[in-house]
Amino acid sequence: MNTFNPSSSPFTHNNQNVRKVMLKVQIAAFPALLMHVYLFGYGIVVQWLLALTTLLVVEYVMLKMRGRPVLPFITDMSGLITITGLVFCIPPLAPWWIIVLGSTFALIFGKHLYGGLGYNPFNPAMLGYVFLLISFPVQMTQWILPLDLAGQTLDFIQSAHYIFIGQIPGFNLDAITGATPLNSLRTGLSQGVSVIQTLQNKDVSMLFGLSGWEWVNVAFVVGGIGLIITRSISWQFPVGFLGALALVSFIFNQINPELYPSVGFTLLNGGTMLAAFFIITDPVTASTTPKGRFIYACGIGILVYVIRNWGAFPDGIAFAILLMNIAVPLIDQYTQPRVFGHKV
Amino acid sequence: MLEALIIFIGLALLFGLFLGYASVRFKVEGNPVAESIDKILPQTQCGQCGYPGCKPYAEALADEEAEVNLCIPGGHEVMIQISEITGLEPKEMEVTEEAEKPKETAYINEDLCIGCVLCIKECPVDAILGATKLMHTVIQQECTGCEKCVPVCPVDCIDMKPIPLSTRNWKWPEPDETLISEAKPGKNH
Amino acid sequence: MSFFAKIIEKISPIYPQAKRWLYSFHGGVFPQYRKELSSRQPIRDTIIPERLIMPLQQQVGQPAELLVKVGEKVKKNQLIARSSKDAKKALVVPIHAPTSGVIQEIASYTLPHPSGLEDIAIIIKPDHQNDCLDNFLKVSGEAPNTPQQLKDVLLNAGIVGMGGAGFPTYAKIPNEQGKIHTLMINGAECEPFITCDDLLMQTEAEAIIQGALITAKALGSTKVLCGIESNKPTAIKAMNKAAKGTIVEIIQVQTVYPMGAQKQLTKELTGIEMPHKAHAVDIGLLMMNVATFASIYKAVTFGEPLTSRLVSVTGLGLAKPFNMRVLIGTPFEELANLAEPKSKLDYPLVMGGPMMGFAVQNNQVPVIKTTNCILANPPEPAEMQMPCIRCGECMDACPVNLLPQQMYWYSHSHEFDKVEKLNIFDCIECGCCSYVCPSHIPLVQYYRHAKSEIKEIHAEEKAVELAKQRHEFRLARIEREKQEREARIKAKKDAVKKQAASASKDTSKNKPKPSAAAAAAAAAAKVAAAKRAAGKNTLMQNTAHTENKQTAMPAARRKAIEAAKQAANQANSGDKPAKSPKEVAKNAAMAAAKKRAQAKKAAAANDTELNKSSTDNTTVKKDPKQAAKAAAMAAAKKHAQAKKAQQANSQTLDLTETTKDSTASKKEDARKAAIQAASVAAKKRRVASENKENEPKTETSTTDKKQKAMQTAKANAMKKAAERGAKKRANHQVSEQAQHNSEERN
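Chains as they are written, first to last, in the working numbering: chain A, 1 to 344; chain B, 345 to 533; chain C, 534 to 1279.
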């Protein structure tokens, strides 16, 4: 054989790389992070730093164990997206070991055991979240109330104190913790209180009549639109997901508003927008064909609604995503685009 | 109890009848095993397996009369495929080809050839042209590279040569993967 | 510019990919063009280098045939390598000397090819006289009226597609006039850096338009469309000016890579999406590069062969990039050095643009007919290749709407059948996918590798099938030969047996018999020989056939097999006459024997009657013994005579039969006759034996008498009596055998 090893064209590139793509996603998450800090206090920052530390340790160990170069892969930022997604999902004041365990599980079982970046079939963040939700339901449902309900938020030191020790001297934490709207809706329904009543009880004191949780979702939308413009995510994901979710909730809300909340409430509560722009858009685990992406997103939207309203969990996003992850190879197979010059 | 028994006996009968019908209706003619083996054999007709050609070897395999590891040109890969088709235990190749040598074809040194027709008789695919006392030549496109003609030549004028590389048969090499650290995904499974 | 386009223009700074909505095909990328590097410079004067390297193969297809020797002097435009006269050797394009000089060497040189392989090239040492053969192609300057005339000129001028692919232009043109309804001029030049087509359109717009009109006239096309990218306003202006008043329509197309790809530009210009695997010609379209049209014009009008072309010498590593009309064969490095490289040229130059070009192995490689650009971009630190994150950027960028990422997965894991199912052969290797890949995966190389692997797999499959067929054919041939040999041996044996049988008969018999047997044997031998000849014939056909080149192999093979089968059939049908002489001879012999037996029986009956009468006579009259004897003798004589006559008759019959045996009906008749005779004989025998049983006494007495009579007869005609006895026995045997045979045959 010829020893000359030709390098193939093209000899130019648009200077994009994985790190930049991941970084863009991370940056797009900042509006929501800031909003979160403003509304729920610094708990999330502590959690995020904890997760970051875990990430560095786990990645280093795993890459070493797998015999891969550490530096390029630890800096590919993909783990960062995973832990950011996870951090947004857990209660800001959950004990420190929750996030450590969750991130470790997500990174090892969600990514490295499948062969690392690009090879994982399931969304690592959602895998970690589901692991935590099933294993530690109590810790996972103790949410802080947003600023408008609690009247105050915890600063960084207080949050850290609580996360590590479990209490803050001279502070009654019960005053600022409570159920999320989705949770109270579920509890209300089980006690025979109609959706309308539950939502009327809500004290809406914030701007535009939106609750704190809803404002976080709005912040996600802002970051997400930025991602679409910079082509970091495909528009099919949010459009398909939100469209399907809105459609289903509209239909059921029309059928029985007593039982089913309105479209606006559905779209702006729980992790809807986080999922729409940051979680389901993870390209590794999503469908890759344009049509497939849309179908995948629609599937998640419908599943989320089903789990929220008839399932055992208040927010079904993680389960919906994992379920659709399984269906991705099938979707890809049947949604191949028409190649130029070929008949359909 | 009785209903269950009746139902299950009925079901058993039904399925039995259905299977019986299917076995008659969809009966496969011929010996598909031998044919499918013949398809994966390299068809060099070299006879290194001890059978006169690829088909006889395939037939012998289908009748489970031959070992799976006899096809030397096919190598390990074909052996695995054979054992998959026949369900026979895969066996290590006894004679291993030295490191995947590229396909070679026979060349007759036309200055030395004495026109003995021995190689013509030996060639399993009639790829050698010539007549008695006349120089022989190999039709390159038809030579399977079985090397059967090499030992029979009394003047040793047949050489196996790799097919020359030109721009017409040059192949793009696979990209160098030393840079990519996540190598073959298969290894991780 | 439409309102929509204006909106897009406004959006594009925020969302650059919005420009994708402005054209009709999917995907595409917007690389940094850097065309200003070379387009702002005027075209430089041609240089004549120290030596010109002319590879014999410069295009798709086969190398040209060498026409010159080392040391020979050549003039500019002189033919130095010709297209093959062999019509089968398609896609061969002649090569002409670009300037006058001496053939210095004919040797292997590195080709400007991605493989970096070497091939035979002619090295010309220019004498700087530039002695020119004017109108070398001997054209009248008139535009040809038929496609064939145009094709001849193009072939002789050695014109190939100058856009990059290098398909021989004459081979692209259909033979029928009017088949091409729309002719397209490709002035899109979408590759970054390259500006040679832009400059050509600015400076030689007239030639391009004229070339297109000549082609349109010859092909009977009624529509000529010219697509030029919007980033070449000067060229559009020049072309519009040149095209005024003609059927050529200049269309400005969006600036996007790969707008200049044939299928994409066709869709943009005509709205027609070329079907998968179809050629443009099949749907009445033909597209050629501007440079190709310019050289068509020069070849048709001035008889100038293609010996030079406009080349962009550009790149970030050059201080003074330029365009130049470069002689074919000029080494890359010489040109690059003229452009004042910023650093030493220790990196490989690229032939073609950055998207689809290839790095040459050796910077000394020559400019060939398809070289549109010499690119000197200093190597940049390569980004590390990361695993695919399935982001789908490649899919969005693919102008053919393939799934590059899935093709990559399967290519990577060597599942080439799946790659093929993903339509990898529709991939135009434009490089858009690799260009946008955030993981920096060399996708195009994976596809190129997969393509060559798939091609090889298919070739291998074909070879395997061929080997199998040939092997089975050989086995069949050997089997047939064996059968034929056996048949031949059998025939010979039969003939020998017959001969032996007749010989034993002949020992005491008349002569014509052996000659008949010999005739039969000869006939058998002849047929055997014929058969052998037929066998040889098939063999010869085989060998003759194998000489046929592989090009039309399967069809040829089928034909050969059929021919062989026919030959075999002939041999078989030849077998029948081959058997027939034997059989006929046998039959004839048997028939004759039977006849004789019959005659003898009749004679014997006569005899007995006579004997009876004689015994009567003797019993009645003892005296006249002598008379009885005499009578017996007379009777015997009579019989003998009759028999002789009969025998002679049958003999002649035999002979005639053996000689006329060739026709099947005769043979059949003979056989029937033989069978009949045999059955008759058998009946007679039975009757005779019954008679014998019925009259044992008379028998004995008669035999006594007969013997006596015989003895006397012997005394008188000893020879004949003995003969009769012998014959009686022999005939009996033969008739029995005949019967047996006939039974067997039935």
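No residue lacks a Cβ here, since even glycine has one placed at the ideal position from N, Cα and C.
Are the beta-carbon atoms of B:V499 and B:L456 separated by less than 7 Å?
Within the second sequence, numbered from 1, the residue matching residue 499 of chain B stands at position 155. Within the second sequence, numbered from 1, the residue matching residue 456 of chain B stands at position 112. Note that the C-beta distance between B:V499 and B:L456 is below 7 Å.
To which residues does DSSP link C:V883 through a beta bridge?
Taking the third sequence and counting its residues from 1, the one referred to as residue 883 of chain C is at position 350. C:A892 and C:L908.
In terms of DSSP beta bridges, what is C:F855 paired with?
As a first step, residue 855 of chain C must be located in the third sequence, where it is residue number 322. According to DSSP, C:F855 bridges with C:V846.
State the CB to CB distance for the pair C:M734 and C:M772, rounded to an integer number of angstroms; the pair is presumed to be in contact (CB under 8 Å).
To locate residue 734 of chain C, count along the third sequence from 1; it is residue 201. To locate residue 772 of chain C, count along the third sequence from 1; it is residue 239. Yes, C:M734 and C:M772 are in contact; Cβ-Cβ is about 5 Å, under 8 Å.
Do you know how far the Cα of C:T728 is from the Cα of C:G848?
Here residue 848 of chain C refers to the residue found at position 315 of the third sequence. Here residue 728 of chain C refers to the residue found at position 195 of the third sequence. Computed Cα separation, rounded: 11 Å.
Can you find a CB in chain C that lies within less than 7 Å of the CB of A:I279?
Start at 1 with the first residue of the first sequence, and residue 279 of chain A comes out as number 279. Not closer than 7 Å to any Cβ of chain C, the Cβ of A:I279 fails to qualify, so no.
Helix, strand or coil for B:C457? Go by DSSP, reduced to three states.
Locating residue 457 of chain B in the second sequence gives position 113, counting from the first residue. In the displayed model, B:C457 falls within coil according to three-state DSSP, outside both helix and strand.
Suppose the cutoff is 8 Å on Cβ atoms and the five residues either side in sequence are ignored; what does the same chain contact list for B:E433 look like?
To locate residue 433 of chain B, count along the second sequence from 1; it is residue 89. Short of 8 Å from the beta carbon of B:E433, and not among the five residues preceding or following it, lie these beta carbons of its own chain, in chain order: V412 and S427.
Could you check whether the segment 94-113 of chain A touches the segment 901-910 of chain C, counting it as contact only if at least three pairs of C-beta atoms, one from each stretch, sit closer than 8 Å?
no
According to DSSP, is A:T288 part of a helix, a strand, or is it coil?
Looking up residue 288 of chain A in the first sequence gives position 288. Residue state, collapsed to three classes: coil.
Determine the burial state of B:T476: buried for a count of at least 16 other Cβ atoms within 10 Å of its Cβ, exposed for fewer.
One-based indexing of the second sequence puts residue 476 of chain B at position 132. That one is exposed.
Could you please give me the residues that DSSP links to C:C665 through a beta bridge?
For the purposes of this step, residue 665 of chain C is taken as the residue at position 132 of the third sequence. Answer is C:K609, bridged to C:C665.
Between C:M917 and A:H13, what straight-line distance do the alpha-carbon atoms span, to the nearest angstrom?
For this step, residue 917 of chain C is matched to residue 384 along the third sequence. For this step, residue 13 of chain A is matched to residue 13 along the first sequence. Straight through space, the alpha carbons of A:H13 and C:M917 are spaced by roughly 13 Å.
For C:T840, tell me which candidate among C:C966, C:G744, C:W554 and C:I901 has the shortest Cα-Cα distance.
Along the third sequence, read from residue 1 onward, the residue named residue 840 of chain C stands at position 307. Minimum Cα distance to C:T840 is reached at C:I901.
If the cut is a Cβ gap below 9 Å, which residues of chain C does B:L509 touch?
Counted from its first residue, the second sequence places residue 509 of chain B at position 165. Residues of chain C with a Cβ closer than 9 Å to the Cβ of B:L509 are, in chain order, S648 and L650.
Alpha carbon to alpha carbon, how far is C:D633 from C:V603?
Residue numbering aside, residue 633 of chain C sits at position 100 when the third sequence is read from its first letter. Residue numbering aside, residue 603 of chain C sits at position 70 when the third sequence is read from its first letter. Per the sequence shown, residue 633 of chain C should be read as Ser rather than Asp. One C-alpha to the other measures close to 14 Å.
Say whether chain C places a C-beta atom closer than 7 Å to the C-beta of B:V469.
Sequence index remark: in the second sequence, residue 469 of chain B carries index 125 (1-based). Judged by the 7 Å Cβ criterion, B:V469 is in contact with chain C.
Does any residue of chain B have a CB that is nearer than 7 Å to the CB of C:Q978?
Taking the third sequence and counting its residues from 1, one reaches residue 978 of chain C at position 445. Chain B contact via Cβ: present.
Three-state secondary structure (DSSP) at A:H342?
In the first sequence, counting from the first residue as 1, residue 342 of chain A sits at position 342. DSSP places A:H342 in coil when its eight states are reduced to three.
Say whether the segment 330-344 of chain A touches the segment 791-808 of chain C, bearing in mind that this needs 3 or more beta-carbon pairs closer than 8 Å, one atom from each stretch.
By the criterion of at least three beta-carbon pairs nearer than 8 Å, the segment 330-344 of chain A is in contact with the segment 791-808 of chain C.
Give a yes or no on contact between the segment 543-554 of chain C and the segment 858-871 of chain C, applying the rule of three or more CB pairs nearer than 8 Å.
no
So, B:Q389 versus B:P468, is the Cβ gap smaller than 7 Å?
Locating residue 389 of chain B in the second sequence gives position 45, where the first residue counts as 1. Locating residue 468 of chain B in the second sequence gives position 124, where the first residue counts as 1. Cβ atoms of B:Q389 and B:P468: closer than 7 Å.
DSSP state of C:T715, grouped into three classes?
As a first step, residue 715 of chain C is located in the third sequence; it is residue number 182 there, counting from the start. If DSSP states are grouped into helix, strand and coil, C:T715 belongs with the strands.
Could you tell me whether the Cβ of C:K1046 comes closer than 7 Å to any Cβ of chain B?
Start at 1 with the first residue of the third sequence, and residue 1046 of chain C comes out as number 513. Note that C:K1046 has pLDDT 46, beneath the 50 cutoff, so the model's placement of it is unreliable and no number is given.
Does the Cβ of B:I464 have 16 or more other Cβ atoms within 10 Å, making it buried, or fewer, making it exposed?
The residue labelled residue 464 of chain B in the question sits at position 120 within the second sequence. So B:I464 ends up on the buried side.
Please classify C:V603: does DSSP put it in a helix, a strand, or coil?
Taking the third sequence and counting its residues from 1, one reaches residue 603 of chain C at position 70. If DSSP states are grouped into helix, strand and coil, C:V603 belongs with coil.
Near B:A404, which residues of its chain fall below 8 Å by C-beta distance, leaving aside the five closest residues on each side in sequence?
The count along the second sequence starts at 1 and reaches residue 404 of chain B at position 60. Excluding residues within five positions, the ones whose Cβ falls inside 8 Å are Y395 and A410.
Please determine, among C:Q662, C:I653, C:A1000 and C:S557, the residue with the shortest C-alpha to C-alpha distance to B:T511.
Residue mapping note: residue 511 of chain B aligns to position 167 of the second sequence, counting from 1. Ranking C:Q662, C:I653, C:A1000 and C:S557 by Cα distance to B:T511 puts C:I653 first.
Listing by chain order, which chain C residues have their CB less than 7 Å from the CB of B:P446?
Taking the first residue of the second sequence as 1, we reach residue 446 of chain B at position 102. None at all; the shortest Cβ gap to chain C is about 11 Å.
Expressed to the nearest angstrom, what Euclidean distance is found between the alpha-carbon atoms of A:I196 and A:A320?
As a first step, residue 196 of chain A must be located in the first sequence, where it is residue number 196. As a first step, residue 320 of chain A must be located in the first sequence, where it is residue number 320. A:I196 and A:A320: Cα-Cα distance of roughly 26 Å.
Check the C-beta distance from C:R615 over to C:E598 and give it rounded, since I have them as a contact under 8 Å.
As a position in the third sequence, residue 615 of chain C is number 82, starting the count at 1. As a position in the third sequence, residue 598 of chain C is number 65, starting the count at 1. Right, the Cβ-Cβ distance comes to about 5 Å (below 8 Å), so this counts as a contact.
My output table needs one value for A:G264: the three-state DSSP class, helix, strand or coil.
The residue labelled residue 264 of chain A in the question sits at position 264 within the first sequence. A:G264 falls in the helix class under three-state DSSP.
Please confirm whether C:V846 and C:A872 have their CB atoms less than 7 Å apart.
Position 313 of the third sequence holds residue 846 of chain C. Position 339 of the third sequence holds residue 872 of chain C. Yes, Cβ-Cβ distance for C:V846 and C:A872 is below 7 Å.
Who pairs with B:A450 in a beta bridge, going by DSSP?
Stepping through the second sequence from its first residue, residue 450 of chain B is reached at position 106. Its beta-bridge partners are B:M504.
Taking C-beta pairs closer than 9 Å, name the residues in chain C that A:P72 reaches, listed in chain order.
For this step, residue 72 of chain A is matched to residue 72 along the first sequence. Under the 9 Å cutoff, chain C gives M917 and M919.
So with Cβ pairs under 7 Å, would you call B:P519 a contact of chain C?
Counting from one through the second sequence, the residue named residue 519 of chain B turns up at place 175. Judged by the 7 Å Cβ criterion, B:P519 is in contact with chain C.
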